[in-house]
Amino acid sequence: MAAQMLGHGSGTVEAMIKTRSLALGLLLLTAACSSPSTAAGPGLSTVLFLGDSIAAGEALPLAAAFKASGTGFQSIASEGGGNVVGPFSDENWKKLPEQITSAKPAVVVYQITTYDWGNQQEQRAAYDKLLTTVTGAGAKLVFVTAPPIRPDDFYRPHMADLDRTAEVARTVAAGSSGKAGVLDANAVWGSTYQQTKDGKADRSADGIHTCPQGAARFTNWLLGELAKQFTGFTPAPAQDWANTGWSADQHFKGC
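Going by mature numbering (1 follows the signal peptide of the UniProt record, and there is no 0), the letters in the sequence shown line up with residues -39 to -1, 1 to 216, in that order.
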């Protein structure tokens, strides 16, 4: 197919993904390209994606990739919120159970948000509540760790809380009898905020959000991780979703 060029740099998103995949040792694209089909198997009919504005940007390529892979996808990631603990969470919980139930997901992916503030007990209670809500809807819960950020004055007082979230999520998953799991997105982002990778914008200059390249690399990684867990799910090759227009969305700024 014709390659669509990104407005903020040379090369296609597809080429960026392939380059980073090799660097990370991911073999997803090779496996996907050699696969005869891209149909979703039992247990991965629909994926529901939760998170904050970081996740909202990642949802753009995720929607294209899951569609190309024959899997239903819905994002309820929220600008300035989307969290289950911390500020705004009380308002979010008023609608979240119905949103989860009505989506009829097989898997709920919760990317831990930059608003998951609170002490360890508050975080544990919220993640347990999310697990109960998700399993009550007949789905499996997958926590995904948040990308590292470059904290400003707004976030700096809450970094100890955010640094604790992955540990709390792992504790909840460990006691879930296999109903929840945690994926460490450091495989994508590294342990510290990096604005550029391979000489191209990967994260927004605001220190928080992703650029198209980063969102595409995250999509590539997440689909690969889900393919390991759900037999019958074969992600579509990158050329089927990487250059379908989502990279021009106005959500991507500072890239």
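Note that beta-carbon positions come from the ideal geometry of N, C-alpha and C, so glycine has one too.
- Annotation for Phe34: no alpha helix (DSSP H) segment contains it, though the beta strand (DSSP E) segment containing it runs Gly33 to Ser36.
- With contacts defined as CB atoms closer than 7 Å, Ala25 and Trp207 qualify as a contacting pair.
- Within the DSSP secondary-structure output, Gln84 pairs in no beta bridge.
- Secondary structure at Ala162: strand, using DSSP grouped into helix, strand and coil.
- In the structure shown, the three-state DSSP call for Gln155 is coil.
- The beta carbon of Thr180 sits closer than 6 Å to those of Pro22, Leu23 and Ala26, all from its chain and outside the five residues before and after it, given in chain order.
- If you draw a straight line from the Cα of Thr106 to the Cα of Glu59, it comes to about 24 Å.
- The C-alpha of Ser14 is placed about 18 Å away from the C-alpha of Thr126.
- Counting other Cβ atoms within 10 Å of its Cβ, Arg117 stays below 16 and is therefore classed as exposed.
- Shown here, Lys101 sits in a strand according to DSSP, grouped into three states.
- Taking one beta carbon from each stretch, the stretch 150 to 169 and the stretch 185 to 203 have fewer than 3 pairs nearer than 8 Å; the two do not touch.
- Separation of the CB atoms of Gln35 and Ala64 is rounded to 5 Å, and the pair is thereby assigned contact status at 8 Å.
- Ala177 carries a helical assignment under DSSP once its states are collapsed to helix, strand and coil.
- With three or more CB-CB distances shorter than 8 Å, the stretch 98 to 115 counts as touching the stretch 69 to 80.
- Straight through space, the alpha carbons of Thr62 and Gly99 are spaced by roughly 9 Å.
- The straight-line gap separating the alpha-carbon atoms of Gly47 and Lys161 is approximately 34 Å.
- Cα atoms of Thr157 and Asp113: separation of roughly 19 Å, rounded to the nearest angstrom.
- Here Phe49 carries a coil assignment [DSSP, helix/strand/coil].
- Pairing Ala176 with Gly18 gives a Cβ-Cβ distance under 7 Å.
- In the displayed model, Ala199 falls within a helix according to three-state DSSP.
- Ala25: member of the alpha helix (DSSP H) spanning Ser14 to Ala29, first to last residue.
- Excluding five sequence positions before and after Gly79, the CB atoms of its chain that fall closer than 8 Å to its own CB belong to Val46, Gly47, Ala87 and Asp122, given in chain order.
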